[in-house]
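Enquirer: Here the working numbering is used: the sequence shown runs in plain steps of one and ends on residue 211.
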Amino acid sequence: MNIRLWLTASATGLLVSLGLFWLMQLMISTENLKLPETEPIRMVDFVRLKPQPKLPPPTRREPPKPPEKEPPPPKIPLTTPRQVATQAPDIDLPPLDIPLNSERLTSSLTVGVAPGPGLQPSANLIPLVRVPPRYPVRAQMRKIEGWVKIEFTITEDGSVKDARVVEAHPKGVFEHAALQAIQRWKFKPKEIDGQKVPQRAVQVLEFKLRRR
């Protein structure tokens with residue numbers, strides 16, 4: 000009876016020991032297990048936005064209207080004025096004397112004819128404006144007299160151009176004064192078939208001192 004009871008108690012104790020041993024092994028193995036990492040939970044805040052008021056559409060500005068074009072002025076018929084050919088009267092002007100201290104300058108005007116390139120000279124020269132030359136002071140003080148022969152062109156309006164000294168006596172004394180004077184002269188222009196044409200001419204200006 001005692002042996003049977005002992006065997007039963009021994010078997011029960013062995014089973015309990017095995018159970019405890021297995022439980023301890025299970026606990027040790029569970030500690031070595033790594034739990035899977037989990038991402039932290041993110042909190043999302045929801046913000047309610049206020050609806051923005053709708054802006055009115057921009058107004059489109061109309062471009063300014065272009066100014067109305069003024070009507071063109073009425074065309075006025077142009078009439079060409081008729082040119083009336085006027086002839087200057089033939090006036091014989093007396094020679095001009097210029098008083099200079101106690102002496103006076105006299106100019107003897109001699110109209111000559113000289114050939115010119117491309118122009119036909121005429122001997123019928125009518126001076127309308129004659130400007131007497133200015134007597135050089137140096138020649139006056141030295142009592143020098145002389146003359147200058149000038150060739151020039153009479154234009155369609157009677158003025159003088161292209162004047163040059165052809166001959167002078169004495170040389171280098173009266174040329175400048177003679178050229179300045181002749182360029183201010185006016186002549187009656189030459190006419191051919193009612194048309195005024197230029198012509199070449201020669202004028203001799205004499206420088207003489209006349210005593211009282």
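Even for Gly, the Cβ is constructed at its ideal location relative to N, Cα and C. A quick note: this is a predicted structure, and the numbers were derived from the prediction, not measured.
(1) Does the distance from the C-beta atom of K187 to that of G157 stay below 8 Å?
(2) Does DSSP put R3 in a helix, in a strand, or in coil?
(3) When burial is assigned at 16 or more other CB atoms within 10 Å of the CB, is R199 buried or exposed?
(4) Which residue or residues does DSSP assign as beta-bridge partners of R163?
(5) Do L204 and I149 come within 8 Å of each other at the CB atom, strictly closer than that value?
(6) Among residues of its own chain, excluding the 5 on either side of L127, which ones have a beta-carbon nearer than 7 Å to its beta-carbon?
(7) Report the three-state DSSP secondary structure of I191 (helix, strand or coil).
(8) Quick check on the burial criterion: 16 or more other C-beta atoms within 10 angstroms. Buried or exposed for V201?
(9) If contacts are defined as beta-carbon pairs under 8 Å, then I191 and P169 qualify, I think. What distance do you get, rounded to the angstrom?
(10) Report buried or exposed for I181, applying the criterion of at least 16 other Cβ atoms within 10 angstroms of its Cβ.
(11) Do W132 and A176 have their CB atoms nearer than 8 Å?
(12) With H, G and I counted as helix, E and B as strand and the rest as coil, what does DSSP make of F173?
(13) Short of 7 Å in beta carbon distance, which residues of its chain neighbour R137, apart from the five on each side in sequence? Order them along the chain.
(14) Mind checking whether F151 and V164 have CB atoms under 8 Å apart?
(15) V128 lies in the beta strand (DSSP E); which residues open and close that run?
(16) If I measure Cβ to Cβ from V172 and keep anything under 7 Å in the same chain, skipping five residues before and after, which residues do I get?
(17) Where E174 and P197 are concerned, what is the direct C-alpha to C-alpha distance, given to the nearest angstrom?
(18) Please classify L13: is it buried, with 16 or more other beta-carbons within 10 angstroms of its beta-carbon, or exposed?
(19) Can you give the Cα-Cα distance for S28 and A10, rounded to whole angstroms?
(20) Does the Cβ of P124 have 16 or more other Cβ atoms within 10 Å, making it buried, or fewer, making it exposed?
(21) Roughly how many angstroms separate the alpha carbons of R141 and F206, rounded to a whole number?
Expert: Concretely, from the data shown:
(1) For the purposes of this step, residue 187 is taken as the residue at position 188 of the sequence shown. For the purposes of this step, residue 157 is taken as the residue at position 158 of the sequence shown. Contact: yes.
(2) For this step, residue 3 is matched to residue 4 along the sequence shown. Helix, per DSSP.
(3) Stepping through the sequence shown from its first residue, residue 199 is reached at position 200. Result: buried.
(4) The residue given as residue 163 occupies position 164 in the sequence shown. Beta-bridge pairing links R163 to E150.
(5) As a position in the sequence shown, residue 149 is number 150, starting the count at 1. As a position in the sequence shown, residue 204 is number 205, starting the count at 1. Yes, they are a contact pair.
(6) Looking up residue 127 in the sequence shown gives position 128. The residues are A87, G157, K185, F186 and K187.
(7) What you label residue 191 is simply residue 192 of the sequence shown in a count that begins at 1. DSSP places I191 in strand when its eight states are reduced to three.
(8) For the purposes of this step, residue 201 is taken as the residue at position 202 of the sequence shown. Burial call: buried.
(9) Taking the sequence shown and counting its residues from 1, one reaches residue 191 at position 192. Taking the sequence shown and counting its residues from 1, one reaches residue 169 at position 170. That pair is no contact at about 39 Å.
(10) Counted from its first residue, the sequence shown places residue 181 at position 182. Buried.
(11) The residue given as residue 132 occupies position 133 in the sequence shown. The residue given as residue 176 occupies position 177 in the sequence shown. Rather than Trp, the amino acid found at residue 132 in this sequence is Pro. Closer than 8 Å, so yes.
(12) As a working note, residue 173 is residue 174 in the sequence shown. Correct three-state label for F173: coil.
(13) In the sequence shown, counting from the first residue as 1, residue 137 sits at position 138. Excluding positions up to five away in sequence, the list is empty.
(14) Residue numbering aside, residue 151 sits at position 152 when the sequence shown is read from its first letter. Residue numbering aside, residue 164 sits at position 165 when the sequence shown is read from its first letter. Their beta carbons are not under 8 Å apart, which means F151 does not touch V164 by this criterion.
(15) Within the sequence shown, the letter at position 129 stands for residue 128. Segment P126 to V128, the beta strand (DSSP E) holding V128.
(16) Within the sequence shown, the letter at position 173 stands for residue 172. Same-chain partners within the cutoff: P135, A138, I143 and G145.
(17) Within the sequence shown, the letter at position 175 stands for residue 174. Within the sequence shown, the letter at position 198 stands for residue 197. The straight-line gap from Cα to Cα measures roughly 24 Å.
(18) In the sequence shown, counting from the first residue as 1, residue 13 sits at position 14. It is exposed - the Cβ of L13 has fewer than 16 other Cβ atoms within 10 Å.
(19) For this step, residue 28 is matched to residue 29 along the sequence shown. For this step, residue 10 is matched to residue 11 along the sequence shown. Approximately 27 Å, taken between the alpha carbons.
(20) Stepping through the sequence shown from its first residue, residue 124 is reached at position 125. The sequence given here places Leu at residue 124; Pro does not occur at that position. By the neighbour-count rule (16 or more Cβ atoms within 10 Å), L124 is buried.
(21) For this step, residue 141 is matched to residue 142 along the sequence shown. For this step, residue 206 is matched to residue 207 along the sequence shown. If I take the Cα positions, the gap works out to 13 Å.
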